[in-house]
Amino acid sequence: MKSIPFFDLKEQNQKLKSDLDRAIQQVISETSFILGKEVANFEKNFASFTGTRYAIGVNSGLDALVLAIRALGLKENNEVLLPAHTFIATALGVSWAGAKPVFVDVDPDYCLLDLSKAKKALTKNTKAILPVHLYGQPAPMNEILNFAKENQLFVIEDAAQAHGASIHGKKCGSFGDLGCFSFYPSKNLGAFGDGGIITTDREDLYEKISSLRNYGSKIKYQHDLKGMNSRLDNLQAALLDIKLKYLSDWNAKRRALAKIYSEELINVKALRLPKDRPGFESVYHLYVILTERRDELKDFLEKQGMHTGIHYPVPMHLQKAYQDLNYKAGDFPVAEKIAKNCLSLPFYPELPAEDVKTVCQAIQKFFQK
Ligand SMILES: *Cc1c(COP(=O)(O)O)cnc(C)c1O
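Okay, so the sequence shown: first residue is 584 according to the numbering used here, each after it adds one.
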């Protein structure tokens, strides 16, 4: 039986091997490992790719969120609105920056923060909104920016799954005060280890975050802020810069594969498939379907060597780590339902189209039983 992996980087890395090897040797022979010219170069290229004036390389996507929120100067009881359905790093970024995450239910069609429910979560302490471009789908930024303006909120985009996603050509990470990206290896642009980056047009935030990521220092041994050690490795920057050139191609391949999934599965009535709003270009970090029979379907596919994932099985308000916030089951019914019904199908740019069709045939068979 042929196995179809959920995700696989081997082919992609093999194709880039000689470029990657050369870059590694170059950094080693330069013996420049921390904040060298490769970091500066990659920051410039990533900012230009995203369409922002600045980008600051950091240690991880989580640190990008922590530093972004710290740079905005939020204090202990300041509240940040974020979706109840996301990866936990979105909430932890707020917590580690010393502010308070406030969860908002998501919409059932896109699984993104539901702005109509954000209004009810506002208090006099609300200082920021943190939409997540989940699964590579752009959150509706025009509406979010209007909402933020009306309520005097900062906007931080969690674009960890959305490198290159856009709304009418404008890229995710370029709408808010700050955009936060992760280079975790399985992201659309992945490093060979951990990494992250923050994008912004604001010079003051660029200056502050550049200092905060480097012990709060601009001049060696002079520390103006209580900063962290959260720098993107020079080696990772050199490798990411090579991969950045291919990112648009890989995203196009993801969209082509998503189209095949959607065409093959359109007639399976029991499924809710991803869909695109007009002018919104998802980069399909994941291809996620919703079905009431999720666990059964997952087992059925697994037995035939087709590997799937669940993103994510527990919403934020039901995580043990956040029991101190006193939410309870039933508070965010849409997020809770998505957690039970979501299934991520095998997905990566080099996945053969025939494998997509094989998975679709198995899914059709499952629902015909
Ligand atoms: C991956 C991810 C992060 C965190 O990134 P790390 O680099 O793993 O710290 C944050 N938010 C979302 C939505 C993510 O998917």
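All C-beta atoms in this analysis are idealised placements derived from N, C-alpha and C, irrespective of residue type, glycine included.
Nonlocal neighbours in the same chain, by C-beta distance under 8 Å from residue i, ignoring five residues either side
| i | result |
| --- | --- |
| leucine 736 | Leu664, Thr709, Lys710, Ala711, Ile712, Phe730 |
| lysine 826 | Leu599, Leu772, Gly773 |
| asparagine 596 | Leu603 |
| glutamine 887 | Met584, Ala945 |
| phenylalanine 883 | Ala945, Phe949 |
| leucine 655 | Lys710, Ala711, Phe737, Ile739, Asp760, Leu761, Leu788 |
| serine 678 | Pro684 |
| leucine 840 | Tyr867, Tyr870, Phe930, Pro932, Leu934, Ala936, Val939 |
| leucine 830 | Phe632, His746, Gly747, Asn771, Leu772 |
| valine 851 | Ile946, Gln947, Phe950 |
Beta carbon of residue i nearer than 8 Å to that of residue j
| i | j | result |
| --- | --- | --- |
| leucine 854 | threonine 891 | no |
| alanine 570 | isoleucine 781 | Residue 570 lies beyond the range of the chain shown here (584 to 952); nothing can be said about it. |
| aspartate 760 | arginine 785 | yes |
| leucine 823 | phenylalanine 625 | yes |
| lysine 948 | isoleucine 843 | no |
| valine 687 | leucine 696 | yes |
| glutamate 790 | cysteine 763 | no |
| glycine 644 | valine 622 | no |
| cysteine 925 | histidine 894 | yes |
| leucine 880 | phenylalanine 616 | no |
| histidine 668 | alanine 904 | no |
| proline 666 | valine 715 | yes |
| valine 610 | alanine 821 | yes |
| serine 794 | lysine 801 | yes |
| leucine 698 | glutamate 726 | yes |
| leucine 717 | cysteine 694 | yes |
Residues of its chain near residue i, where Cβ-Cβ distance is below 6 Å and the 5 sequence neighbours each way are ignored
| i | result |
| --- | --- |
| asparagine 660 | Asn708 |
| leucine 657 | Ala682, Lys710 |
| phenylalanine 863 | Pro721, Ile750 |
| isoleucine 671 | none |
| tyrosine 910 | His900 |
| threonine 633 | Lys754, Gly756, Ser757, Thr782 |
| serine 586 | Gly888 |
| alanine 647 | Val641, Cys763, Gly779, Ile781 |
| glutamate 594 | Glu933 |
| isoleucine 792 | Ile639, Leu650, Ala654, Ile781 |
| aspartate 1026 | With the chain running from 584 to 952 in the structure shown, residue 1026 is simply not present. |
| serine 765 | Gly644, Ala743, Gly779 |
| serine 845 | Leu856 |
Chain-order list of residues whose beta-carbon lies under 7 Å from that of residue i (same chain, five-residue window excluded)
| i | result |
| --- | --- |
| methionine 724 | Ile750, Phe758 |
| threonine 706 | Glu662 |
| threonine 629 | For the record, residue 629 in the displayed sequence is phenylalanine; it is not threonine. Answer for phenylalanine 629: Ala638, Ile780, Leu827, listed in chain order. |
| valine 649 | Gly676, Trp679, Ala680 |
| arginine 838 | Tyr867 |
Whole-angstrom C-beta distance between residue j and residue i, which should lie under 8 Å
| i | j | result |
| --- | --- | --- |
| leucine 848 | leucine 856 | 6 Å |
| glycine 810 | tyrosine 798 | 5 Å |
| alanine 742 | serine 865 | Alanine 742 to serine 865, Cβ: 12 Å. No contact. |
| leucine 592 | arginine 814 | In fact, because the Cβ distance is near 24 Å, the residues do not count as touching under 8 Å. |
| lysine 702 | glutamine 744 | The Cβ separation is near 26 Å, so there is no contact. |
| aspartate 692 | lysine 858 | 7 Å |
Cβ of residue i within 8 Å of any chain D Cβ
| i | result |
| --- | --- |
| leucine 818 | Here chain D cannot be found, since the structure has a single protein chain. |
Check: What alpha helix (DSSP H) runs, 4 residues minimum, are completely inside the stretch 748-819?
Finding: 786-795
Note to self: Tell me whether the stretch 750-757 and the stretch 766-778 touch, counting them as touching only if at least three CB pairs, one residue from each stretch, are closer than 8 Å.
What the structure shows: no
Notebook entry, point to check: Is it true that the stretch 886-901 meets the stretch 910-921, where meeting means three or more beta-carbon pairs spaced less than 8 Å apart?
Noted result: yes
Check: Can you give, in chain order, each stretch of the alpha helix (DSSP H) that sits fully within the stretch 636-705 and has at least 4 residues?
Finding: Runs of the alpha helix (DSSP H) inside the stretch 636-705: 644-654, 672-679, 698-704.
Item checked: Within the stretch 868-929, ranges of the beta strand (DSSP E) (whole runs, at least 3 residues) -> 871-873, 925-927
Note to self: At 4 residues or longer, what runs of the alpha helix (DSSP H) sit wholly inside the stretch 815-870?
What the structure shows: 817-827, 830-848
Item checked: Contact shell at 6 Å, judged by CB to any heavy atom of ligand 2, ordered along the chain -> Only ligand 1 can be found as ligands here, which leaves ligand 2 out of the picture.
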